[in-house]
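Take a look at the structure set out below.
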Amino acid sequence: METTTVVTAAAATAAVGFTYWYLTRPSSSLDKVRKLPGPRGVPIFGNALTFLTSAPQLHKIYSSWTETYGETFVWWFGPYPVTVTSDLKVAKQIGERKFANFMNHTPLPENMVAFLPGEMKVMKYGMDVARDEVWRGLRSTGNAIFRNHGLMASFIPVMQTVTDRLVRRLEGFAESGEAVEIWRCFGDMTLDVLGATVFGKSFNSIEGSSEAVEAARTIFSINVAAMDFHPLLALGLVLPTYLIPPIAWLTKVFPTRKMREVERAMGVLASLSDELYEDAVAELEGGVEQQSHNLLKMFIQARKRESGDLLTRDEVKAQAVLFLLAGYETTANTLAYAIYLISTNKESEKLLLEEIDAHPQQDLRDLLRSGKMVYLEGVIKEALRLFGPIPVTDRHAAEDMDIEGDMGINVPILKGQIVNIYTRGLSRSGKYWTDPDKFKPERFVPGSEIYHLQNHKAFMPWGLGPRQCVAADFALQEAKVALIALYRRFRFDHNPEHRFSLKFAASLAPKDGVEVFCVRRS
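Start counting the sequence shown at 1; every next residue gets the next number (UniProt numbering).
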């Protein structure tokens with residue numbers, strides 16, 4: 001018995017000792033990265049605990065560190081360095097000129113996969129996380145669909161029909177004089193647009209809640225990288241792989257409420273995509289005249305440019321769920337921010353209404369194709385510049401590389417290292433924009449007095465380079481259709497009793513929504 005106890009104690013001591021060495025081991029290859037400025041970390045965890053609090057506000061953390069350490073700095077995810085930059089010269093080289101070395105997004109850590117619901121594993125086929133040749137095939141397929149302007153314009157009537165339903169809902173608030181939380185209204189609207197355009201199905205979110213609505217809201221309200229998702233997650237992210245199975249087992253046996261909620265939400269969306277995939281395949285194979293015009297069918301029929309192969313079932317499902325989730329809250333956020341900014345800047349509201357009123361009856365397809373709605377586009381882009389839903393885009397280095405930054409600063413990046421391009425920092429920097437904290441749609445209107453004073457290359461709300469959001473034009477079109485329809489009928493006044501603030505979970509969203517009064521226009 002004593003021998004067994006001694007052996008067990010020795011083995012445990014050895015395991016603890018190896019783990020500590022693994023997490024704190026020196027590495028000469030890291031010396032170059034350590035020369036970059038950045039916050040001091042703690043042993044084992046580095047700076048990771050800063051991001052694993054119950055409410056990690058990434059945009060505030062990066063803004064604070066940028067102010068303290070400069071445009072380019074490094075923080076430590078356990079033993080691993082993460083380089084963050086809002087230097088436009090560095091960002092452009094990583095996202096565009098040196099793209100071959102930074103083709104991929106950072107893979108989800110294998111340690112973290114063990115903690116996630118099983119249904120989330122299908123998302124590894126999504127265009128946002130796919131890597132190398134798999135990504136190339138998916139990207140070429142996505143480009144063929146989303147860069148087809150005629151095809152995208154064909155969705156305008158669907159978008160207009162859904163927006164008209166939202167107008168009818170807001171009529172009740174205009175009649176009663178009550179304030180409406182319009183961010184949630186836009187969430188219902190965008191989900192209905194996506195249901196119709198992605199799946200060919202109406203979720204009827206505007207008229208009442210549905211399982212799909214609740215599932216999408218759940219996923220966007222919970223940060224799976226936060227400590228309250230599960231306290232053991234912090235250990236799982238930094239410990240060596242051999243220690244993960246028992247920790248992951250504990251999280252499955254003793255899940256938190258938030259883990260159960262995300263599991264259920266992903267199950268709802270996975271079941272929905274399965275059901276609608278089967279319906280679409282049956283309709284296509286049956287030779288029946290298509291009853292609906294949607295992206296799911298287009299992806300089922302599409303072939304990868306490089307190989308000529310059809311997408312697999314998992315690849316099609318992953319893209320459908322990805323576009324549903326990515327297009328749900330991000331577009332709702334953009335529209336809510338636009339309404340908030342216009343409602344608190346009456347001179348801008350006057351200019352927007354004049355532009356919309358100049359084309360009172362024109363068909364939206366013709367109007368958007370004409371290029372006449374320049375101020376409207378400026379409003380949307382300025383809302384994205386100030387409050388872009390995704391404040392950071394990331395890249396994963398394939399090889400060691402030194403990048404030259406502004407003022408000749410050398411930025412060393414190691415093979416396998418995570419690089420964060422802080423797009424919010426770029427869009428709010430006085431180095432690239434005049435009066436960067438002010439709402440000025442004119443900065444995006446060609447020919448305006450301030451247009452030429454801006455560095456528009458620093459505008460990256462959808463990312464940059466070949467990895468930027470493939471559906472950006474689709475989202476911009478949806479936002480234009482919605483704002484034209486709404487401002488033809490109403491103007492909006494911000495509720496002075498409502499406090500506007502931001503939170504970051506899956507996206508940068510209004511913490512308490514956006515409350516406005518709807519005022520009918522004659």
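Yeah, the Cβ is synthetic: ideal placement off N, Cα and C, and Gly gets one too.
- Considering only Glu-382, Ala-48, Arg-169 and Phe-199, the residue with the shortest C-alpha distance to Gln-319 is Phe-199.
- CA-CA distance, Leu-502 to Asn-333, rounds to 11 Å.
- The alpha-carbon of Lys-201 is positioned some 44 Å away from that of Lys-415.
- Scanning its chain for C-beta atoms nearer than 7 Å, with the 5 sequence neighbours on each side dropped, one finds around Asn-410 the residues Asp-402 and Glu-404, in chain order.
- Collapsing the DSSP output to three states places Phe-490 in a strand.
- Listed in chain order, the alpha helix (DSSP H) elements of length 4 or more contained wholly in the region 305–359 are 313–343 and 346–357.
- Runs of the alpha helix (DSSP H) lying entirely within the region 423–456 and spanning at least 4 residues, in chain order: 423–427.
- Between the region 376–386 and the region 430–443, the count of Cβ pairs shorter than 8 Å is three or higher; the stretches touch.
- For Tyr-328, same chain residues with a beta-carbon under 8 Å away, outside a window of 5 residues either side, are Gly-187, Thr-190, Leu-191, Leu-194, Ala-216 and Phe-220 in chain order.
- Counting along the chain, Asp-394 sits inside the beta strand (DSSP E) bounded by residues 393–396.
- Going by DSSP, Thr-251 is part of the alpha helix (DSSP H) stretching over 244–253.
- Contact check for Arg-395 against Phe-102 passes: the beta carbons are separated by less than 7 Å.
- A contact between stretches requires three or more CB pairs, one per stretch, nearer than 8 Å, and the region 132–148 fails this requirement with the region 476–494.
- Residue nearest to Cys-469 within the set Ile-356, Gly-95 and Ser-154 is Gly-95 (criterion: CA-CA distance).
- Pairing Ala-458 with Gly-378, the inter-Cα distance amounts to about 15 Å.
- The straight-line gap separating the alpha-carbon atoms of Met-259 and Ala-265 is approximately 10 Å.
- DSSP places Tyr-125 in no alpha helix (DSSP H); its state is neither H nor E.
- Counted as a single uninterrupted DSSP element, the stretch harbouring Lys-92 is not any beta strand (DSSP E) but the alpha helix (DSSP H) occupying residues 88–92.
- Here Lys-201 carries a coil assignment [DSSP, helix/strand/coil].
- In the three-state reduction of the DSSP assignment, Cys-518 falls in the strand class, which pools E and B.
- Taking the Cα positions, Ile-300 is about 14 Å away from Tyr-125.
- The DSSP-derived three-state label of Ile-413 is strand.
- Cβ-Cβ distances below 6 Å link Ser-343 to Phe-492, Asp-493, His-494 and Val-516 in the same chain, with the five nearest sequence neighbours on each side left out; the list follows chain order.
- Within 10 angstroms of the beta-carbon of Glu-354 lie fewer than 16 other beta-carbons, which makes it exposed.
- Ranking His-59, Gln-57, Leu-30 and Pro-81 by CA distance to the CA of Pro-39 puts Pro-81 first.
- The three-state secondary structure of Pro-157, taken from DSSP, is helix.
- The DSSP-derived three-state label of Arg-257 is helix.
- For the pair Leu-232 and Ile-244, the CB atoms are not nearer than the 7 Å cut-off.
- Burial check for Trp-65: the Cβ neighbour count within 10 Å reaches 16 or more, so the residue is buried.
- DSSP places Asp-402 in no alpha helix (DSSP H) but in the uninterrupted beta strand (DSSP E) bounded by 401–404.
- Residue pairing by DSSP places Gly-46 opposite Val-42 and Phe-77 in a beta bridge.
- Restricting attention to Leu-88, Glu-67 and Phe-45, the CA atom closest to the CA of Asp-406 is found in Leu-88.
- Secondary structure note for Phe-504: its beta strand (DSSP E) is the uninterrupted segment 502–504.
- Take the alpha-carbon of Glu-497 and the one of Leu-335: they are about 21 Å apart.
- For the region 129–198, the continuous beta strand (DSSP E) assignments of 3+ residues that do not extend past its boundaries occur at 179–181, in sequence order.
- Between the C-alpha atoms of Asn-104 and Tyr-375 there is a straight-line separation of about 35 Å.
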